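J.:
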Amino acid sequence: MTAFKAPLRDMRFAMHEVLNTTAHYQNLGRDDLTAEIIDAVLEEGAKFNEGVVAPLNRSGDEEGIVFKNGEIKTPEGFIDAYQQFCDNGWASMTGSEDFGGQGLPLSLAAPFHEMMMAANLSFRVYSGLTEGAVLALTKHGSDELKTGYLPKLISGEWAGTMCLTEPHAGTDLALLRTKAEPQADGSYAVSGTKIFISGGEQDMSSNIVHLVLARLPDAPAGVKGISLFLVPKFLPDTNGDPGERNPAVCGSVEHKMGIKAAATCVMNFDNAKGWLIGQENRGLACMFTMMNDARFQVGLQGLGIAEMAYQGAVEYALDRLQSRSLSGPKNPDKVADPIIVHPDVRRMLLTQKTLVEGCRLLAYEAAQALDNEEHHPDSDVRKTAGVRAALLIPVVKSFLTDMSAEAANLGMQVYGGHGFIREWGMEQLVRDGRITQIYEGTNGIQALDLLRRKVMGDQGLELARLQDEIDAFCEANDLSEGLRSTIASLNSVNAHWRKLAKDIIARGTENPEDIGGCATDFLSFSSYALLAYGWARMAVVAKQKLEEGAGDSDFYNAKIASARFYIERILPRAEMHRQVLETPVDTLFGLTAEQFVRT
Ligand SMILES: Cc1cc2nc3c(=O)[nH]c(=O)nc-3n(C[C@H](O)[C@H](O)[C@H](O)COP(=O)(O)OP(=O)(O)OC[C@H]3O[C@@H](n4cnc5c(N)ncnc54)[C@H](O)[C@@H]3O)c2cc1C
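Everything in the sequence shown is counted per our numbering, starting at 4 for the first residue and increasing by one.
1. Is there contact here, the stretch 118-133 with the stretch 170-179, by at least three beta-carbon pairs under 8 Å?
2. Going by the CB atoms, is the gap between LEU124 and SER377 shorter than 9 Å?
3. Is GLN213 helix, strand or coil by DSSP?
4. On the DSSP letters alone, give me the boundaries of the alpha helix (DSSP H) that ARG540 sits inside.
5. Please report how far the alpha carbon of GLU443 lies from the alpha carbon of CYS166, in whole angstroms.
6. Where ALA297 and GLY135 are concerned, what is the direct C-alpha to C-alpha distance, given to the nearest angstrom?
7. Report the start-end ranges of each beta strand (DSSP E) in the stretch 114-186 that is 3 residues or longer and not cut off at the edges.
8. Could you check what DSSP says for ILE490 in three-state terms: helix, strand or coil?
9. For SER201, is the beta carbon positioned less than 8 Å from some heavy atom of ligand 1?
10. Kindly indicate which three-state DSSP category TYR569 falls into: helix, strand or coil?
11. Compare the Cα-Cα distances from ARG581 to each of ASP340, ASP524, GLY225, ALA542 and report the closest residue.
12. Where in the stretch 233-315 do unbroken runs of the beta strand (DSSP E), each at least 3 residues long, occur, reported from the N-terminal end onward?
13. Just list the beta strand (DSSP E) runs in the stretch 14-60, keeping only unbroken ones of 3 residues or longer that don't cross its boundaries, in chain order.
14. Using only alpha-carbon positions, find the residue among ALA312, PRO235, ARG285, ASN60 that is nearest to ALA251.
15. I'd like the span of the alpha helix (DSSP H) that includes ILE200, first residue to last.
16. For the alpha helix (DSSP H) containing GLU430, list its first residue and its last residue.
17. Going by C-alpha distance, which of ALA192, SER190, LEU216 is nearest ALA172?
18. If I measure Cβ to Cβ from HIS143 and keep anything under 6 Å in the same chain, skipping five residues before and after, which residues do I get?
19. Let me check one thing: in DSSP terms, what residues is GLU74 bridge-paired to?
20. Please report the distance separating the alpha-carbon of ASN210 from that of LEU233.
21. Does DSSP put PRO575 in a helix, in a strand, or in coil?
22. If contact is defined by three or more beta carbon pairs under 8 Å, each pair taking one atom from either stretch, is the stretch 532-539 in contact with the stretch 360-375?
23. Taking the alpha carbon of ILE200 as the reference point, which residue from GLU478, ARG540, PHE272 has its own alpha carbon closest?
24. Between the alpha carbons of GLU550 and HIS258, how many angstroms are there, rounded?
25. If you follow the alpha helix (DSSP H) that GLY554 is part of, which residue opens it and which one closes it?
26. Counting only the same chain and skipping the five closest in sequence on each side, list residues whose C-beta sits under 7 Å from that of ASN494.
27. With a cut-off of 8 Å on the beta carbons, I'd call LEU214 and GLY163 a contact; round off their distance for me.
28. Using the C-alpha atoms, what's the distance from ARG437 back to THR590?
29. When the Cα atoms are used, what is the spatial distance from SER488 to SER62?
30. Could you check how far apart the C-beta atoms of VAL417 and MET351 are, in whole angstroms? I think they sit under 8 Å.
31. Any heavy atom of ligand 1 closer than 8 Å to the Cβ of LEU22?
32. What is the residue span of the alpha helix (DSSP H) that ALA6 lies within?
33. Using the C-alpha atoms, what's the distance from LEU321 back to ALA577?
34. Comparing alpha-carbon positions, which option in ALA309, ASP557, ILE563, GLU247 lies nearest ARG540?
35. Under 8 Å Cβ to Cβ from THR404, same chain only, skipping five residues before and after it: list those, please.
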């Protein structure tokens, strides 16, 4: 089984050489975050994830969690690794300095999180939602709640959960029924059942703080009647330490296809004491603060799984000897050539590599937009960055996770039959990664979010701004020797993208079914176009570095060759989506519901 190795060279390339991260931090007033500091964070993060987190991935999957009498035992080693995660300050990276956090920009934490997700997705699930809870509480909580809960959540001593889903209410939160009755002391009695709650119960933190969506007695129906409550597992005592047990209890756990070391709980709230976060009936807006972060994080989960699948596939393809190269033996002293000589194996590896590296750049760029939205000193920049981040997040969530499923399956395929066998680790990646396409809003819902809310919501304005940037890039680089066809392809896909967006906005305004019928193909088209922009920029930087004689020519030449592969062999997929988008959606309604049923 391949041991995880943090892809530091590629991370540094994306951060320093393409996205100019130090200049970005200077714009945020963070001159202290120098290239040396960034590299030190990456290197220490790599050591922790390679040495502590990754070794628990396989054993965690084998062992799973144990549920007994409402309590959960996480796999051997998880408690200790979590303690190290907190003690070494990894938990508090992005938390506000006012409450003991380090106040670091998300874009510096993101590569660390990506490593953790590649190393052990189940382990990361436990801490991931705490960061979202911290965000929601920081932005919407009362001073009392902030003082009482944020320091312990930020340090990781306490963990957070996100309790939205109910048996009859998944995508459609308007249907949720959990109730919150106001009490004389200003608290609320929360009652109801939530399902699929990640980390709803565990033995790694001394308290668990549930953020629960519920309805007040007189709340209007639908999403306008949902409020957000903080419901701790243990009520803090007078010293702020875990005291009386609150009736917020894990009733059972789900038996899942993957992330078996992560507890997914049915949570029963039986008049559990809670406190309102934000305003009454404005819970969904508060939850959205958390969901944006969570959706970005799930995109990173996909990236991590895909990176790991690529690393395993490369190692195996170099090692496995089968058949001879079509152009004659490359390994004449051995019984056969390594399978990496075969064009079809190279197709699989290059598909994984170009998707992973393109998606990494896209994710880090989205993280910079989120940094600007949160930390930039200029309020206009904060506002425009927020709009850009909102546009990119559904793409990051869904494309990175769809890409992850493809990369993990290709990884399994490179291993042949051994890919299907547990000991090689590929089947775990396929199983673990699959959930990322489903939770935090299915990828179909992300596609609707992109098209309906983000593109149609502003009549395509922000998308057009992005497309203008791509045009300007093409214009500035179209004479780039050796990259002309790359730039021409980007130019062409961008022009198609503009036209498609315009046409679909017009069609969708006329017929709402067109939005639903086009959303997924539009998201796919947009994603391939965005990756083309990323690959063109990576190729331009690599070429400049070679011309400057910066050294590391293997790395830069590989980048340029990979860009060509992406443009010539992956980007044509966008054309297929374009053709689909240009056809009417009425075929989706050619059958009655009954006609789907076999007779
Ligand atoms: C392992 C795991 C962990 C989870 N962790 C959490 C957690 O911590 N907290 C939490 O609250 N939830 C959690 N969830 C729940 C998860 O977010 C939901 O499962 C997910 O949002 C989908 O909801 P659903 O399962 O009810 O599917 P449904 O909403 O029933 O959807 C079924 C299908 O219909 C489609 N669909 C539904 N509505 C529409 C529409 N309007 N337009 C187009 N298509 C539509 C969906 O895309 C999907 O394909 C978790 C789930 C799992 C499996």
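We treat Cβ as the ideally placed atom computed from N, Cα and C, and that holds for glycine.
The structure displayed is predicted, hence computed values, not measured ones.
T.: Judging by the given coordinates:
1. Not touching, per the Cβ criterion.
2. Per the sequence shown, residue 377 should be read as Glu rather than Ser. For GLU377 and LEU124, no; Cβs fall outside 9 Å.
3. The sequence shown places His at residue 213, rather than the Gln named in the question. Here HIS213 sits in strand by DSSP.
4. Where ARG540 is concerned, the enclosing alpha helix (DSSP H) stretches over 515-551.
5. Distance between the alpha carbons of GLU443 and CYS166 is about 11 Å.
6. If you take the alpha carbons of ALA297 and GLY135, they lie about 6 Å apart.
7. If we require 3 residues or more, the beta strand (DSSP E) runs fully inside the stretch 114-186 come out as 161-166, 182-185.
8. ILE490 falls in the helix class under three-state DSSP.
9. Answer for SER201: yes, Cβ within range of ligand 1.
10. It is helical.
11. Nearest of ASP340, ASP524, GLY225, ALA542 to ARG581, Cα basis: ASP524.
12. With a minimum length of 3 residues, the continuous beta strand (DSSP E) runs that stay inside the stretch 233-315 are 237-239, 245-248, 251-256, 267-280.
13. If only uninterrupted beta strand (DSSP E) runs of at least 3 residues are considered, none is enclosed by the stretch 14-60.
14. When each option's Cα is compared against that of ALA251, the closest is PRO235.
15. From DSSP, ILE200 is part of no alpha helix (DSSP H) but of the beta strand (DSSP E) over 191-201.
16. Per DSSP, the unbroken alpha helix (DSSP H) holding GLU430 starts and ends at 429-437.
17. In this structure, LEU216 is the residue among ALA192, SER190, LEU216 with its C-alpha nearest to the C-alpha of ALA172.
18. Sequence-distant Cβ neighbours of HIS143 in its own chain, meaning closer than 6 Å and more than five residues away, are ILE280, GLY281, CYS289.
19. For GLU74, the pairing in a beta bridge is given by DSSP as LYS71.
20. For ASN210 and LEU233, the distance between alpha carbons rounds to 13 Å.
21. In the three-state scheme derived from DSSP, where H, G and I count as helix and E and B as strand, PRO575 is classed as helix.
22. Yes, the stretch 360-375 touches the stretch 532-539.
23. Per the Cα distances, PHE272.
24. The straight-line gap separating the alpha-carbon atoms of GLU550 and HIS258 is approximately 55 Å.
25. Looking at the DSSP string, GLY554 is not in any alpha helix (DSSP H), and its letter there is neither H nor E.
26. Around ASN494: CYS477.
27. So it is a contact: roughly 6 Å between Cβ atoms.
28. One C-alpha to the other measures close to 29 Å.
29. Here the alpha carbons of SER62 and SER488 stand approximately 48 Å from one another.
30. With 8 Å as the limit, VAL417 and MET351 qualify as a contact, their Cβ atoms being about 5 Å apart.
31. Set against 8 Å, the gap from the CB of LEU22 to the closest heavy atom of ligand 1 is not smaller.
32. First-last for ALA6: undefined, no H or E at that position.
33. Roughly 31 Å between the two C-alpha positions.
34. Taking ARG540 as reference, the option from ALA309, ASP557, ILE563, GLU247 with the minimal CA-CA separation is ILE563.
35. In chain order, VAL301, GLY302, GLN304, GLY305, GLY436, THR439, GLN440, ASN446 place their CB closer than 8 Å to the CB of THR404, counting only its own chain and leaving out the 5 sequence neighbours on each side.
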